[in-house]
Every structure is written in structure tokens, then in C-alpha cells.
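So the structure is just underneath, and the comments pick up after that.
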Amino acid sequence: MMGAGVEAETARITAHRVGKWFGEVIAVNNCTLNVSTGVVGLLGANGAGKSTLFKMLAGLIEPSHGSVRVFGKRLRDDVGWFRRVGFCPESDALPDWMTGREFLSLMIRLMGFDKNEVTKRVNYWLDRFELTDAAGRRLGGYSKGMRQKIKLAQALAHDPDVIFLDEPLNGMDPVSRKQSIDLVRELGAAGKTVLVSSHILPEVESMTHQIILIDRGKVLAEGSVTEILSLIHI
């Protein structure tokens with residue numbers, strides 16, 4: 033659950049009056065959120081501020097004002113807590129010279145796992161996303177959908193408790209989209225906290241009934257799909 037239905041004391045993610053601006057451009061404006069377990073959708077048009085909000089919640093950038101906590105901690109004050117967070121960015125900045133296996137191995141090693149555990153997790157997630165046959169190929173030769181899946185794999189392979197998925201279905205074929213949607217629902221049912229963003233309402237609705245609507249950097253509404261639909265008159 034989220035928002036007014038969740039007390040800050042019991043939330044895994046809390047944001048209090050968070051804002052971010054770049055020069056004279058206000059990307060996020062005075063957002064307050066409380067999120068506990070399950071899947072929550074962040075719905076908004078391209079440029080609404082979703083990615084900036086995600087990066088602040090995940091501790092990747094500092095807010096211009098306000099505060100963000102994950103499990104009551106400021107991630108940037110205690111980097112060890114990043115092991116409990118997974119992040120799949122919307123932007124694509126993969127190292128094209130690395131193979132899929134090399135990239136995924138590196139990302140898991142950075143989380144502190146030993147060699148045997150790295151190999152085990154790499155094999156599992158390559159198989160889960162049907163990338164085993166492409167594991168020895170350089171990422172520069174991956175399709176958009178394959179690159180999206182390897183980004184998802186690195187966000188999940190260290191078994192984080194809090195997961196941020198920013199437009200995770202971009203570029204995927206219908207079968208891969210269905211598999212990824214099922215995986216997100218599975219993670220939520222397992223007690224993970226999953227925030228997933230999209231500019232497409234049916235995508236969000238396929239993963240969760242709990243939605244945060246954001247527009248021009250502001251949270252406009254929070255609630256069920258039915259409540260959001262009535263507010264935006266669709």
C-alpha cells in the first residue's frame with residue numbers, strides 16, 4: 033500500500049516534501065509519499081518527473097529540498113544499504129564492449145557475493161530472461177528488448193527488498209512483456225516493495241491496482257485504478 037494508507041513509521045520508502053530542480057527547470061515539486069510492500073505504479077506522461085523522482089527515492093541523486101528514507105536510512109549516508117535496493121533505469125547506458133555474462137557478473141560481484149554465488153545467480157537470471165544463448169555476445173549487439181531484459185536482471189539478481197523499475201517494458205516483444213509483468217507481480221506477492229513507472233495506463237494496470245499519478249513534477253492523486261480513472265476522466 034502507499035500514501036495516506038501507510039504510516040511513515042511502517043513504510044519502507046518515505047519521501048517528505050521532496051523537490052528537485054535543474055537550473056530554472058522544476059523536475060519534481062513538493063512530493064510526499066509513503067510506500068510499504070507490494071507493487072505500486074507511478075503513472076505519468078513522458079517528462080512528468082518520474083525518472084527524477086525514482087533517482088531521488090533510490091538515493092542516486094540528492095533532492096534540492098525535502099528528505100527521502102529507505103528503511104529509515106539515507107542511502108547516501110550508508111552505502112551498505114544499497115544492497116537492499118535494485119534499480120532498473122529508463123536510460124540505456126550499458127557497456128557495449130562487455131558480454132551479457134560479464135556485465136551481469138560484475139554487477140553481482142559489486143554487491144559482495146563470492147565467485148560461486150555470482151555464477152549461480154548469473155546462470156539463474158540469464159535463464160529466467162531467456163538470455164543464456166546470448167550470454168557470450170557483446171551488449172552492443174543486443175536488441176532493445178534484450179538490453180531491457182539484462183537491465184532488469186541486474187536490478188534483481190542480488191535479491192533486493194526494494195526495487196525501482198523505470199519504464200521496464202520499453203522495447204520488449206509481447207511474450208517478454210507478459211513474462212516481465214508476471215515477474216513484477218510475483219515479486220510483489222513475495223513481499224518485495226516494487227515501484228514501477230510507465231506512461232501507459234494498461235501497463236501499470238496489468239501489474240498493480242495501486243497507482244500514484246504524477247504530472248509536471250507533482251503528485252496529483254494516489255489510489256486504485258478505478259479512483260485514478262475517475263480523476264483523469266478516462
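Counting from 33, one number per residue, gives the positions in the sequence shown under our numbering.
All C-beta atoms, glycine included, are put in the ideal place defined by N, C-alpha and C.
Which of helix, strand or coil does DSSP assign to residue i?
{"i": "lysine 224", "result": "coil"}
{"i": "asparagine 148", "result": "helix"}
{"i": "glycine 51", "result": "strand"}
{"i": "methionine 34", "result": "Low per-residue confidence applies at methionine 34: pLDDT is 45, beneath 50, and the placement is therefore not dependable, though the value from the model is reported in the following sentence. Here methionine 34 sits in strand by DSSP."}
{"i": "aspartate 291", "result": "For residue 291 there is no data in the structure shown, the boundaries of the chain being 33 and 266."}
{"i": "glutamate 56", "result": "coil"}
{"i": "serine 212", "result": "helix"}
{"i": "asparagine 61", "result": "strand"}
Out of curiosity, what's the CA-to-CA distance linking residue i and residue j?
{"i": "isoleucine 45", "j": "valine 71", "result": "13 Å"}
{"i": "methionine 204", "j": "lysine 224", "result": "23 Å"}
{"i": "valine 251", "j": "asparagine 148", "result": "44 Å"}
{"i": "leucine 261", "j": "glutamate 254", "result": "11 Å"}
{"i": "phenylalanine 135", "j": "alanine 222", "result": "27 Å"}
{"i": "alanine 80", "j": "valine 57", "result": "12 Å"}
{"i": "glycine 91", "j": "arginine 106", "result": "7 Å"}
{"i": "leucine 197", "j": "aspartate 109", "result": "23 Å"}
{"i": "cysteine 31", "j": "asparagine 61", "result": "Coverage of the chain is limited to positions 33 through 266, which leaves residue 31 absent and any answer about it impossible."}
{"i": "threonine 151", "j": "isoleucine 93", "result": "31 Å"}
{"i": "asparagine 202", "j": "asparagine 155", "result": "24 Å"}
Kindly identify the DSSP beta-bridge partner or partners of residue i.
{"i": "asparagine 66", "result": "Thr46"}
{"i": "threonine 240", "result": "DSSP lists no partner for threonine 240."}
{"i": "methionine 73", "result": "This sequence places glycine at residue 73; methionine is not what is there. For glycine 73, which the question treats as bridged, DSSP gives the partners Val228, Ile243."}
{"i": "histidine 97", "result": "Gly51"}
{"i": "phenylalanine 119", "result": "Phe196"}
{"i": "glycine 255", "result": "Ile243"}
{"i": "arginine 170", "result": "Thr131"}
With three or more beta-carbon pairs closer than 8 Å as the criterion, would you say the region 195 to 214 touches the region 47 to 62?
no
Report yes or no: do three or more beta-carbon pairs, one from the region 168 to 182 and one from the region 128 to 138, lie closer than 8 Å?
yes
Segment contact, 8 Å Cβ cut-off, at least three pairs: the region 77 to 89 with the region 159 to 169
no
Touching or not, the region 89 to 103 and the region 140 to 157, by the rule of three or more beta carbon pairs under 8 Å?
no
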